[in-house]
Amino acid sequence: MSSSFTVRRLTEGPESAKFNEVIECFKEAFAEDKFARTLTGGKTDAYHHLNRSVVVSGFLSGEVYVVEEVTKGNVIASAVWFPPNRELYDDTEKGKAVKPLMASLSPELGEWWCNRFLPEYAAFSETEFGKGVKKEVWHLQWIGTRKPYRGRGFAAMLTDVIRNKKGDAKMCLEVENPGNLGFYQRCGFETLNEEAHYFEGCQEKSGFPMWALMSK
């Protein structure tokens, strides 16, 4: 990888310009993503709050990493990781991470989140990874690269940063885009079940598949 780019852990807090730049990076990365569209109903405001909620949760309970251009400092890729014993939307930070997101959703979509998606997602994790396993390992929750910079190894950098510090711990993640399976397999992950689990969305013709992957 060129020395023109560097990876580091985000230290700037939620009120900083850099923090907002990370959110904008994810928004650009997932602009055409079916998973994100299902979770937000295609609403611009909800889409912003979805990405912000994950970054806030990662900053408070996990670790957020960025790839930046050395000269300009622009964020071109980012990832949200949760170490063992921590997870997305921990109870201690639900007010800051979750409430703005839920307030941005329609009543119907909010009910789908609470009564269908979140319970089904939790059950999926228990079934695929094993009971309690996901919280015992490093979990990659969110990773994205700005469109002009894709295919240049930045996502691999954001995976290796944890691989190089995790010790004997494993890493896991979920994939909703089948086109990304090959990338993670090349990064040393294996698909636990070749047949995807399909999540039905709140709206007609919405939904997405999901695969579980674990580091070898």
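Position 198 (the sequence shown) corresponds to 198 in the UniProt record's numbering; numbering is contiguous.
Cβ atoms here follow ideal geometry from the backbone N, Cα and C, with glycine treated the same way.
### Query
How is the beta strand (DSSP E) around C25 delimited, first residue to last?
Run containing C25: none in the beta strand (DSSP E); it sits in the alpha helix (DSSP H), 17–29.
### Query
Do E68 and W81 come within 8 Å of each other at the CB atom, strictly closer than that value?
no
### Query
What does DSSP give as the partner residues of W138 in its beta bridges?
M171
### Query
According to DSSP, is A79 helix, strand or coil?
strand
### Query
DSSP state of Y184, grouped into three classes?
helix
### Task
Just list the alpha helix (DSSP H) runs in the segment 36–73, keeping only unbroken ones of 4 residues or longer that don't cross its boundaries, in chain order.
44–61
### Query
By a C-beta neighbour count over all protein chains shown, 10 Å radius and 16 as the cutoff for buried, is E128 buried or exposed?
buried
### Query
From the DSSP output, which residues share a beta bridge with S215?
F189
### Query
How should C114 be labelled, buried or exposed, when 16 other C-beta atoms within 10 angstroms of its C-beta is the threshold for buried?
exposed
### Message
So if DSSP puts V7 in a beta bridge, which residue, or which two residues, is it bridged to?
### Response
V67
### Query
What first and last residue would you give for the alpha helix (DSSP H) that runs through L154?
Here the sequence assigns Phe to residue 154, which means Leu is not the residue at that position. Run containing F154: 154–163, per the alpha helix (DSSP H) assignment.
### From M171, R163, Y121, I143, residue whose alpha carbon lies closest to that of A196
Y121
### Message
Could you give the first and the last residue of the continuous beta strand (DSSP E) run that contains F199?
### Response
197–200
### C-alpha distance - R37 paired with A155, whole-angstrom precision
22 Å
### Message
Could you compute how far the alpha carbon of E141 sits from the alpha carbon of T159?
### Response
Residue identity check: residue 141 is Gln in the sequence provided, not Glu. One C-alpha to the other measures close to 11 Å.
### Message
I need the straight-line Cα distance from H139 to E204, nearest angstrom please.
### Response
31 Å
#### Entry: Complete runs of the beta strand (DSSP E) confined to the segment 81–120 [at least 3 residues]
none
#### Entry: Euclidean distance between Cα positions of E200 and G207
5 Å
### Task
Starting from T145, follow its DSSP beta bridges and name the residues at the other end.
A77
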